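Down below is the structure, laid out as structure tokens.
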Amino acid sequence: MRIRAVTEDELPLLSELERAAGAPFAAIGMPEVAEDEPPAPEELAHYLEHGVALAAQAPDGTIAGYLLAEPVDGALHIEQVSVHPDHARRGIGRALIDHLAGRGGADTPALTLTTFADVPWNAPYYARCGFRPLADAELTPGLREIRRKEAEHGLDRWPRLCMRRDLSRGRNA
């Protein structure tokens with residue numbers, strides 16, 4: 007598996023991958039998440055210019071997974087990590103996260119994300135990847151704004167939380 011930057015012509019593929027990666031939510035009683043329309047390529051292009059867009063390329067050349075992140079309050083905030091179900095449970099999500107952690111640099115103290123608390127491939131998975139839940143008092147203004155927008159979008163129908171993975175000199179803590 008090769009991790010590399012996403013190219014602009016691959017943005018439509020990320021939308022397709024997101025749709026496939028979201029499908030398992032229907033089986034656990036979250037059909038609204040499964041049916042949610044993925045971001046359009048135009049929206050995803052933001053990460054090419056103002057953040058990070060990484061692809062995990064399978065040996066056959068297809069994109070098996072991707073990660074989107076951008077700076078939020080001094081940390082790199084992971085907006086999305088998605089792995090196609092055909093490539094699930096092979097360490098691709100963790101490899102994408104570890105790659106991002108490795109390129110964080112000395113001026114990036116942490117990775118952050120928001121996620122569903124009770125979905126096995128969400129908060130419990132991220133905890134295994136070195137993230138810890140943040141208490142409300144630890145939320146930065148940017149994270150509070152992200153959570154506000156998620157609530158507006160209806161995601162608070164299920165328990166959600168913010169998580170953080172501290173980095174040390176751009177390496178895993």
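First residue of the sequence shown: 7, per our numbering; consecutive thereafter. Using N, Cα and C, we set each Cβ at its ideal position, and we do this for glycine too. This one's a predicted model, so the numbers in the text were calculated from it and none came from an experiment.
Inset, instruction - Return helix, strand or coil for Leu173, following the three-state DSSP convention. - result: strand
Inset, instruction - Indicate whether the contact test is met: 3 or more Cβ pairs, each with one atom in the stretch 69-84 and one in the stretch 139-157, closer than 8 Å. - result: yes
Inset, instruction - Can you check the stretch 38-62 for any alpha helix (DSSP H) of at least 4 residues that lies completely inside it and give the ranges in chain order? - result: 47-56
Legend entry - N- and C-terminal bounds of the beta strand (DSSP E) containing Leu149: Run containing Leu149: none in the beta strand (DSSP E); it sits in the alpha helix (DSSP H), 147-158.
Inset, instruction - Report the rounded CA-to-CA distance for Pro126 versus Asp15, giving the unit in angstroms. - result: 32 Å
Legend entry - Reduced DSSP category for Arg109 - H, G, I as helix; E, B as strand; rest coil: coil
Inset, instruction - Could you tell me whether the Cβ atoms of Leu19 and Leu50 are closer together than 8 Å? - result: no
Inset, instruction - Give the single residue among Gly97, Thr114, Gln86, Glu76 whose Cα lies nearest to the Cα of Phe122. - result: Gln86
Inset, instruction - Go ahead and pull the three-state DSSP assignment for Ala179. - result: In this prediction, Ala179 scores a pLDDT of 42, lower than 50, which makes its location untrustworthy; the coordinate-derived value is nonetheless stated afterwards. DSSP places Ala179 in coil when its eight states are reduced to three.
Legend entry - Where Leu119 falls: helix, strand or coil (DSSP): strand
Inset, instruction - Confirm, please, whether the CB-CB distance from Arg166 to Phe137 is below 8 Å. - result: no
Legend entry - Sub-8 Å separation of Ile98 and Met7 beta-carbons: yes
Inset, instruction - Rank Pro44, Ala29, Ile34 by C-alpha distance to the C-alpha of His159 and give the top, closest one. - result: Pro44
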